[in-house]
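So the structure is just underneath, and the comments pick up after that.
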Amino acid sequence: MSTVQPKSQPESQPHPDPAVGGLAEDDREAVRRQLGRPPRGAVGVAHRCPCGRPDVVATAPRLEDGTPFPTTFYLTCPRAASLVGTLEASGLMREMAGRLEGDDELATSYRAAHTDYLARRGELEAHLGEVPEIAGVSAGGMPERVKCLHALLGHALAAGPGTNPLGDEVREALGQWWAEGPCA
């Protein structure tokens, strides 16, 4: 298998704009291959891996069938998702939760990540309509708990470094998940 060298740091597109037309057909197909099913509610690519493929999509706060969907930044790369699953199984969420309780600076930064997540969803809602059922609900357990490292990584990748401290830690722990080449 060939090794892909990153062009630079993975690109963030922190403000996906659904009014631009959603996913391009080649991106939609790449995400379909990654997930093994058509993407639900995807309105744009929120982050691309250095290989050029989407690895996080921005998702509408309400799916086509009417279901409220609070996960605005959905991790699609199967390699990254598998590695994150391994981190979750290792007890990393418990360790992070413990640090969150005892570190006021970390807790403050994590609450700021929650606020950022809601603001970014609000940008989508400005185009797609409000979803009162998920008002104030972000993802991954924010702002008080650590429940899903996939969601925290999706936010960290979409928003860029320094926005979600625990998501940044997950990104760092993964290493170069893209190094083996495109996942789809």
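For the sequence shown, full-length UniProt numbering assigns the number 1 to the initial residue and increments by one for each residue that follows. Where is the CB? At the ideal position from N, CA and C, for every residue including glycine. Source: prediction; values computed, not measured.
Assignment of A46 by DSSP, reduced to helix, strand and coil, places it in the strand class. Inter-segment contact for the segment 83-100 and the segment 38-52 is absent: fewer than three beta-carbon pairs are separated by less than 8 Å. The residues L87, in chain order, have a CB closer than 7 Å to that of A173 in the same chain once the five nearest residues on each side in sequence are set aside.
Beyond the five residues adjoining it in sequence on each side, H114 comes within less than 7 Å, by CB distance, of S138, M142 and P143 in the same chain, given in chain order. One Cα belongs to L157, the other to G52, and the distance between them is close to 14 Å. E133 and F69 have their C-alpha atoms spaced approximately 9 Å apart. Within a 10 Å sphere around the beta-carbon of Q176 sit fewer than 16 other beta-carbons, which makes this residue exposed.
The criterion of a C-beta distance shorter than 8 Å is not satisfied by G162 and A151. P54 has R48 as its beta-bridge partners, per DSSP.
For the pair P165 and S82, the CB atoms are not nearer than the 8 Å cut-off. Around the Cβ of G66, a 10 Å sphere holds fewer than 16 other Cβ atoms; the residue is exposed.
If the five residues before and after Y74 are omitted, its C-beta is found closer than 7 Å to the C-beta atoms of V56, V57, T59 and G154, all from its own chain and listed in chain order. Counting other Cβ atoms within 10 Å of its Cβ, E64 stays below 16 and is therefore classed as exposed.
Taking 8 Å as the cut-off, the Cβ atoms of C148 and P78 do not count as close.
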